[in-house]
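S.K.: Quick note: the sequence shown uses numbering that gives the first Met the number 0, first residue 0, plus one each step. Glycine included, C-beta positions come from ideal geometry on N, C-alpha and C. Keep in mind it's a predicted model, so treat the numbers as computed, not measured.
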Amino acid sequence: MSPLCETYLRPEQLSQMEPFYPLHVFVCGKCFLVQLEEFVSPDNIFTEYAYFSSYSESWLEHCRRYTEQMLDRFRLNEKSLVVELASNDGYLLQYFVQKGIPVLGIEPAANVARAAEEKKVPTLVKFFGKQLAAELASEGKQADLLVGNNVLAQVPDLRDFIAGMKILLKPRGALTLEFPHLLKLMDENQFDTIYHEHFSYFSFLTAREILDAHGLVLFDVEELPTHGGSLRVFGRHREDDSKPISSRVVKLSAREEAVGLKRLQSYSSFAEKVKKTKRELLACLIDAKEAHKSIVGYGAPGKGNTLLNYCGIGTDFIDYTVDRNPFKHGRFTPGTHIPIYPPERITETRPDYVLILPWNLKNEIMQQMANIREWGGKFIIPIPEARICP
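Given below as structure tokens:
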């Protein structure tokens, strides 16, 4: 049982009833889509959202490089249109705007859409699907490049969403989707990336099957280090013969089949690995507390809240956590009620250990917080197994 991972609590909410929902992962025996049961509608999750993409410098650099690659690869110019689905605070489209490329963001969360507009990124505050795609296409707004970064997992109705992509993409246009790679998630025990806001988890094989059912062909794929290991897939209309299928598509498909992503047995052993990681992390924290050491957290990401709630880690282990996002300051983590402060708090209190909850950004964070070594502070990395870094 776990609370919604982006529902940060205000002080007056701490004594109120807090909803928890089952966090059980299922896998389809036919297409091998890994998925959660939908307990809460997307309207309740994403209408007012706490996640702002622009607070990670390494993610912004990733997006800047992506912009340069796409401009070069697809020869985009001032007559092109780049559309991003779930465009958040304009973290990506701002770089296309700077290059003089027309853009349109589609983002259901009004609070983050406002931040995008401040970056001169035109943004529609709507959920995307077939109906909106048809409206835009009828207005002549089809995409030369259609982008979806870390959104596919958050879509409860995949058929409606992908059918909308088919409608919105120009006949010779290209789409790119980025999502955490299920192969990496299972191989490296990244169970904390599973939470209610993510309805689905994708292998390349499953993503290819889903898009193919809607007349979209994946013609290329890149393996990325982001979010603990992601895929960037490239799609086109089935009728578009200008983009041949790359050897990377063939090789990754074969690799996923070889490691067993089309066998149910491969999925059934995952739960035992998760339990082992929980025991290892708790043992590490217990040892530190028994030695009278102080522990704080860095970050208050969604994945961190899955980890804290599943492992039962509250203020009995962690005094507080910090985050660069001012939206979260003065609030408390869902379920575990750990207070959230600005990062400067760590220098003020000089803790012995800093538990890095967004472990996928560990290098960036350890660089930002290198000064903890002045008083002998150390970092704890929880995934794929608990380890202490000086």
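Three-state secondary structure (DSSP) at P338?
M.R.: Correct three-state label for P338: strand.
S.K.: Rounding to the nearest angstrom, what Cα-Cα distance links P333 and V248 in this structure?
M.R.: Each residue's Cα considered, the two are about 40 angstroms apart.
S.K.: Could you tell me which of H195, P224, G234 sits nearest to D211, measuring between CA atoms?
M.R.: Taking only the C-alpha atoms, the option nearest D211 is G234.
S.K.: Grouping DSSP H, G and I as helix and E and B as strand, with all else coil, what is C283?
M.R.: Helix.
S.K.: Between the region 318-326 and the region 255-269, are three or more C-beta pairs nearer than 8 angstroms?
M.R.: At 8 angstroms Cβ cutoff, the stretches do not touch.
S.K.: Mind pulling the alpha helix (DSSP H) runs of 4 or more residues that sit fully within the region 170-246?
M.R.: Counting only runs of 4 or more, we get 181-186, 203-211.
S.K.: Just list the residues that DSSP pairs V154 with in beta bridges.
M.R.: According to DSSP, V154 bridges with nothing at all.
S.K.: DSSP three-state call for L360: helix, strand or coil?
M.R.: Residue state, collapsed to three classes: helix.
S.K.: From the DSSP output, in three-state form, read off I371 for me.
M.R.: Reduced to three states, the DSSP call for I371 is helix.
S.K.: Helix, strand or coil, according to DSSP, for Q34 in the structure here?
M.R.: Q34 falls in the strand class under three-state DSSP.
S.K.: Please name the residue, chosen from E208, H226, W374, that lies closest to D351 on a Cα-to-Cα basis.
M.R.: Residue W374 is the option with its Cα nearest to D351.
S.K.: On the CB-based measure, 16 or more other CB atoms within 10 Å of its CB, does M185 come out buried or exposed?
M.R.: Result: buried.
S.K.: How far does the alpha helix (DSSP H) with D71 in it reach, from first residue to last?
M.R.: Unbroken alpha helix (DSSP H) run through D71: 56-73.
S.K.: Exposed or buried, G99, counting other C-beta atoms within 10 Å across all chains shown (16 or more means buried)?
M.R.: So G99 ends up on the exposed side.
S.K.: Is R330 closer than 8 angstroms to N7 when the C-beta atoms are compared?
M.R.: The residue asked about is misnamed: residue 7 is Tyr in this sequence, not Asn. Contact flag set, yes.
S.K.: For Y90 and L59, which I take to be in contact (beta-carbon distance under 8 angstroms), what is that distance rounded to the nearest angstrom?
M.R.: Indeed, because the Cβ distance is near 6 angstroms, the residues count as touching under 8 angstroms.
S.K.: What residues match up with L354 in a beta bridge as DSSP calls it?
M.R.: Partner(s): G296, I379.
S.K.: In this structure, does DSSP put F127 in helix, strand or coil?
M.R.: Three-state DSSP puts F127 in coil, outside helix and strand.
S.K.: Quick check on the DSSP output: the alpha helix (DSSP H) that includes C310 runs from which residue to which?
M.R.: Its alpha helix (DSSP H) spans residues 301-310.
S.K.: Report the residue from Y65, Y319, G296 whose alpha carbon sits nearest the alpha carbon of F378.
M.R.: F378 has its Cα closest to that of G296, out of Y65, Y319, G296.
S.K.: Whose C-beta lies closer than 6 angstroms to the C-beta of K129 among residues of the same chain, with five residues either side of it excluded?
M.R.: Correct list, in chain order: D159, A162, G163.
S.K.: According to DSSP, simplified to helix, strand and coil, what is G147?
M.R.: Residue state, collapsed to three classes: strand.
S.K.: Taking C-alpha atoms, which residue in D71, P107, H236, E177 lies nearest to P170?
M.R.: Comparing Cα-Cα distances from P170 to each of D71, P107, H236, E177, the minimum goes to H236.
S.K.: Can you tell which of T175, F201, P179, P155 has its C-alpha closest to the C-alpha of H195?
M.R.: Comparing Cα positions, the closest option is P155.
S.K.: For T122, which beta-bridge partners are listed by DSSP?
M.R.: DSSP output for T122 lists G104 as bridge partner(s).
S.K.: Just the C-alpha distance for F218 and E289, rounded to the nearest angstrom, thanks.
M.R.: Distance between the alpha carbons of F218 and E289 is about 54 angstroms.
S.K.: Whole angstroms is fine: what's the gap from A372's alpha carbon to G298's?
M.R.: Strictly speaking, residue 372 in this sequence is Arg, with Ala absent from that position. R372 and G298: Cα-Cα distance of roughly 19 angstroms.
S.K.: Check for me: the beta strand (DSSP E) holding R349 runs from which residue to which?
M.R.: Neither: R349 is in no beta strand (DSSP E) and is coded neither H nor E.
S.K.: For I387, count the other beta carbons within 10 Å of its own beta carbon; 16 or more makes it buried, fewer makes it exposed. Which is it?
M.R.: With fewer than 16 Cβ atoms within 10 Å of its Cβ, I387 is classed as exposed.
S.K.: Using CA atoms only, rank isn't needed, just tell me which of Y94, N87, Q141 is closest to M392.
M.R.: Residue 392 is absent from the structure shown; the chain starts at 0 and stops at 389.
S.K.: DSSP state of F95, grouped into three classes?
M.R.: F95 falls in the helix class under three-state DSSP.
S.K.: Which two residues bound the contiguous alpha helix (DSSP H) that contains R386?
M.R.: Careful: R386 lies outside any alpha helix (DSSP H), inside the beta strand (DSSP E) at 386-388.
S.K.: Pop quiz: F178 and A142 are said to be a contact at Cβ under 8 angstroms. What is the actual Cβ separation, rounded to whole angstroms?
M.R.: Not confirmed; about 19 angstroms, so no contact.
S.K.: Note down the Cα distance separating C310 from L281, rounded to an integer number of angstroms.
M.R.: Near 7 angstroms, if we compare the C-alpha coordinates of L281 and C310.
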